[in-house]
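Below is one structure, written out as structure tokens, with a few remarks after it.
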Amino acid sequence: MPEPTEKTTPGAKIAYLAGGAASTGLIAGLHARLLLFPPYRLFVLALIRMGFSGRSLVIAVPYLWLLAFFLAPFLIVLKISLAEVVIAQPPYTPLFVFIEDGFIAIQASLDNYLFLMEDSLYWKSYLSSLRIAFISTGLTLLIGYPIAYGMIRAPKRWRFALLMMVILPFWTSFLIRVYAWIGILKKEGLLNLALMQLGIISEPLTILNTDIAVYIGIVYSYLPFMVLPLYANLEKMDLSLLEAAADLGCRPIKAFWVVTVPLSVPGIVAGCFLVFIPALGEFVIPDLLGGSQTLMIGKTLWSEFFNNRDWPLSSAVAVILLLVLVIPIVLFQRMQERSARAEA
Amino acid sequence: MSDSGTAERNSSTSAARKRWEPWNDPNERPHVQIANVTKRFGDFVAVDNISLDIYQREFFSLLGPSGCGKTTLLRMLAGFELPSDGQILLEGEDMSGVPPYQRPVNMMFQSYALFPHMNVETNIAFGLKQDGVPKPEIERRVAEVIDMVQLNAFARRKPHQLSGGQRQRVALARSLVKKPKMLLLDEPLGALDKNLRTQTQFELMNIQEETGITFVIVTHDQEEAMTVSSRIAVMDHGKIVQVSTPAELYEYPNSRYVADFIGEVNILEGRVAEREGDHLLVQSSEAGCTIKTGPSADEPAGRQVWIAIRPEKLNIALQAPPETGVNCLSGEVWDIGYLGNLSIYHVKLDSGKMVTATQANMARLIERPITWEDRVYLTWAPDAAVVLLN
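Residue numbers (our numbering), protein chains in the order written: chain Z, 1 to 344; chain U, 345 to 734.
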């Protein structure tokens, strides 16, 4: 084993001891910096003595995080989805049952999943949720992109104020903001009043308790999730690229489509995921603004859980919802990795 | 018409080869005319009433320290900024209403501004595509310039997979492929290291000669400007101080600013004593002697003037010349810089003024005869001294 060349600080020596953990990357950097603190150093040294290498420790941290906050809750939900409903506390049958002679029986059934396929309410809810999430993500992109683009082209001294205008509504409760839309959209609400005063319409429009109100609610609520990643992405763009495009004979509108938009694809993808995922499972907005005919899986799940008190069935709904979300994301990432590798 | 300059330059067969100087030919029509152009940003005047003619096939440099307005002037030529006053004419046509995407002018950006999502080929083809050039022709012309800048092996790479020097070539190729009437280069070599820069300077000159495109380059590096240019405009605070060929600029600077900015110079202050033929006799207390200048314009006696003498034109000796009253400085060697090919002597004159003299080390010696604290005499030929009035 080669001798470490740098022995000046104990931190450097220990970083070397820790298996020469890759010095690049956020987690490795954090690990290296934390090594300067004695308690962490002792902890790492103890683990090393127990036979763990520094490299595996560095990799272990994000996995532990995912295990504790993602996989464990998911397994609990999965477990409940395999149970049957009973009137008890908790209101489902346990997975493991102790029977006589010290045997343990596993009690699981796929009945809930079969039921989801039988009853059209569920797949209709999934499809309707997907449709609403797709359309509202598209609308959010259409509205959010010009806002983000305007923000980066605005004079520098305005940017902070504009950014605050995007973030500030977050400081009020989400529920209150959605409730406020009821006051705007209802028959005798602000919007109808204003339109009638202006003489654009003679009869009040029915917007509240329709899908349109749900779209308005989702677009309004999730707009910052679209604007912020787009802003962060567009802000990094070198504006001399647009000058170069103009210099080479490209009109400004075309330059937007052939230079700005392709370069902002990572921001578009990030923003769309950030809007689409919560919109798909959204239940507050369809509950408050939507009508009785507005089907969304989040709302179905809510009534299954709180009104029917059918924990196993609602857990099955949640598991399927998760799969509906995770599978496309994984496929998308695979595709991106493959195209990145093809380029390199 | 405008090709006559080329014809002259190429007629190397004639024994007395005429120099290619379209700017001295009254029949030559300027390719670009910058007429009384001013650019203001609020209260700040970036370009102050500049008039300049640039001729076809010139390699023209705008030289000056940062903030002198050279980049603003270049951006006005490209169309990214509009003049607050004045006109820019390209081949006699006013450019003020023409947006950048319709000007037959291309620019190579300081940051190169390569499109990161396109590879070398598509970056270069971008401009031709905008003009609706048919595909086979695009392919042919792109291959041609890729060949010219020697990037054949990298045609499919993206900008982030290239070195700084390669990116610089892509940027050059992209701006050349449309065969613009004028190519603008904003500090094109600024990001390269010194060796690569020197090499690329000569390549740029070759490409310019090969393509016959008028080049206008912005630089703050006087060596670069001297190497590549047919003419240099020295700028300061939004104004042009002098426009000349590199040699004229060095040997006949018109002001202390230019003399100081281009190369090293010793400047001695004095007053005109009298006129002797077409020479001036200048009394300088800084020099401690009378300075007899080269042929120069008549100046009234008593007028304050500055005498500029380049270090390499000073002759340094341990023995006093026969006449020490005229064109002879004497002082003590203060510092010596030995560069191998040259030695630089800093001499402190009796007046306390420091002057610099350089000597080519023509003899092969380890011990140079002149050393620290020696008393030395500096002499020069009368025409080495340039009279500056401001």
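Note that beta-carbon positions come from the ideal geometry of N, C-alpha and C, so glycine has one too.
Option in Phe115/Z, Leu95/Z, Tyr113/Z, Leu116/Z with minimal Cα separation from Ile106/Z
Closest option to Ile106/Z, Cα to Cα, is Leu95/Z.
According to the neighbour-count rule (16 or more other Cβ atoms, all chains shown, within 10 Å of its Cβ), is Asn371/U buried or exposed?
Asn371/U should be labelled exposed.
Tell me whether Ile576/U is buried or exposed, calling it buried when 16 or more other Cβ atoms sit within 10 Å of its Cβ.
Counting the other CB atoms within 10 Å of its CB gives Ile576/U a total of 16 or more, which places it among the buried residues.
Neighbour-count burial assignment, Gln446/U, 16 or more Cβ in a 10 Å radius:
It counts as exposed.
When the Cα of Arg363/U is compared with those of Leu520/U, Thr589/U, Glu425/U, which residue comes out closest?
Nearest option by C-alpha distance: Thr589/U.
Partner residues on chain U for Leu322/Z, Cβ-Cβ distance less than 7 angstroms
Simply none; closest approach about 34 angstroms.
Does DSSP put Arg384/U in a helix, a strand or coil?
In this structure, Arg384/U counts as strand in the three-state DSSP scheme.
I'd like to know whether the C-beta of Glu235/Z is nearer than 8 angstroms to at least one C-beta of chain U.
Under the 8 angstroms criterion on CB atoms, Glu235/Z is classed as non-interfacial with respect to chain U.
Taking 8 angstroms as the CB-CB cut-off, is Glu203/Z touching chain U?
Interface residue (Cβ-Cβ distance to chain U less than 8 angstroms): Glu203/Z is not classified as such.
Rounded C-beta distance between Gly423/U and Pro444/U? I'm assuming under 8 angstroms.
Gly423/U to Pro444/U, Cβ: 4 angstroms. Contact.
Between which two residues does the beta strand (DSSP E) containing Gln703/U stretch?
Here the beta strand (DSSP E) through Gln703/U covers 698-704.
Spell out the partners DSSP gives Val97/Z in its beta bridges.
Per DSSP, Ala105/Z.
Going along the chain, which residues of its own chain have a beta-carbon closer than 8 angstroms to the beta-carbon of Ile490/U, five neighbours each way excluded?
Apart from the 5 residues on each side of it in sequence, Ile490/U sits with its Cβ closer than 8 angstroms to the Cβ of Val464, Glu465, Ile468, Asn496, Ala499, Ala517 in its chain, given in chain order.
How many Å lie between Met296/Z and Pro286/Z at the Cα?
Going by the C-alpha atoms only, they are around 7 angstroms apart.
Taking CB distances under 8 angstroms as the criterion, tell me whether Gly267/Z reaches chain U.
No, because no Cβ of chain U sits closer than 8 angstroms to the Cβ of Gly267/Z.
Does the pairing of the stretch 165-172 of chain Z with the stretch 247-259 of chain Z give three or more beta-carbon distances under 8 angstroms?
No, the stretch 165-172 of chain Z is not in contact with the stretch 247-259 of chain Z.
Have a look at Leu121/Z, Tyr222/Z, Val265/Z and flag the residue whose alpha-carbon is nearest the alpha-carbon of Ser232/Z.
At residue 232/Z the sequence reads Ala, which differs from the Ser that was named. Comparing Cα positions, the closest option is Val265/Z.
Throw me the rounded Cβ distance for the Gly471/U and Lys522/U pair, which I believe falls under 8 angstroms.
Between Lys522/U and Gly471/U the Cβ distance is about 5 angstroms, and since that is below 8 angstroms, they are a contact.
Minimum Cβ-Cβ distance from Tyr742/U to chain Z less than 8 angstroms
There is no way to answer for residue 742/U, as the model of chain U reaches only from 345 to 734.
If you reduce the DSSP assignment to three classes, tell me which class Ile253/Z lands in.
Reduced to three states, the DSSP call for Ile253/Z is helix.
Can you pull the chain Z neighbours of Ser455/U, defined as C-beta to C-beta under 7 angstroms?
Asp238, Ser240, listed in chain order.
Along chain U, which residues have their Cβ under 7 angstroms away from the Cβ of Ala246/Z?
Within chain U, the residues near Ala246/Z are Pro444, Tyr445.
Take Phe559/U and list the residues in its own chain whose beta-carbon comes closer than 6 angstroms to its own, dropping the five residues that flank it on each side.
Cβ neighbours of Phe559/U beyond the five flanking positions: Phe403, Leu527, Gln552.
Find the residues of chain Z that neighbour Ala422/U, judging by a C-beta separation of less than 7 angstroms, and give them in chain order.
Against chain Z, the beta carbon of Ala422/U has neighbours under 7 angstroms at Asp247, listed in chain order.
Leu139/Z vs Val219/Z beta-carbon contact at 8 angstroms:
Note that the C-beta distance between Leu139/Z and Val219/Z is below 8 angstroms.
Mind pulling the beta strand (DSSP E) runs of 3 or more residues that sit fully within the stretch 544-631 of chain U?
Segments of the beta strand (DSSP E) lying fully in the stretch 544-631 of chain U: 558-563, 575-580, 583-588, 610-620, 623-628.
What does the alpha-carbon distance come out to for the pair Pro478/U and Ser173/Z?
Those two C-alpha atoms are separated by around 58 angstroms.
Members of the stretch 255-284 of chain Z that neighbour chain U once the beta carbon cut-off is set at 7 angstroms:
Result list: Val259, Pro262, Leu263.
Mapping the DSSP letters down to three states, classify Asp111/Z as helix, strand or coil.
If DSSP states are grouped into helix, strand and coil, Asp111/Z belongs with the helices.
Report, in whole angstroms, the separation of the C-beta atoms of Ala707/U and Tyr689/U, which I expect to be a contact under 8 angstroms.
Contact doesn't hold; Cβ gap of about 16 angstroms is too wide.
Quick one: residues in its chain with C-beta nearer than 6 angstroms to the C-beta of Ser23/Z, no 5 flanking neighbours on either side, listed in chain order?
With a pLDDT of only 43 at Ser23/Z, under the threshold of 50, the placement of this residue in the model should not be trusted; the figure read from the coordinates follows. Contacts found: none.
Using a Cβ-Cβ cutoff of 7 angstroms, what residues of the stretch 544-565 of chain U are near chain Z? List them in chain order.
Listed in sequence order: no entries.
Does Glu84/Z come within less than 8 angstroms of chain U when only Cβ atoms are used?
Not one chain U Cβ lies under 8 angstroms of Glu84/Z.
Assign His690/U to one of three DSSP states: helix, strand, or coil.
Three-state result, His690/U: strand.
Run through the DSSP bridge pairs and tell me what Lys636/U is partnered with.
By DSSP's assignment, Lys636/U forms a beta bridge with Leu625/U.
Taking Cβ-Cβ distances below 7 angstroms as the criterion, which residues of the stretch 469-483 of chain U are in contact with chain Z?
Listed by position, the residues of the stretch 469-483 of chain U near chain Z (Cβ gap below 7 angstroms) are Phe470, Gly471, Gln474, Asp475.
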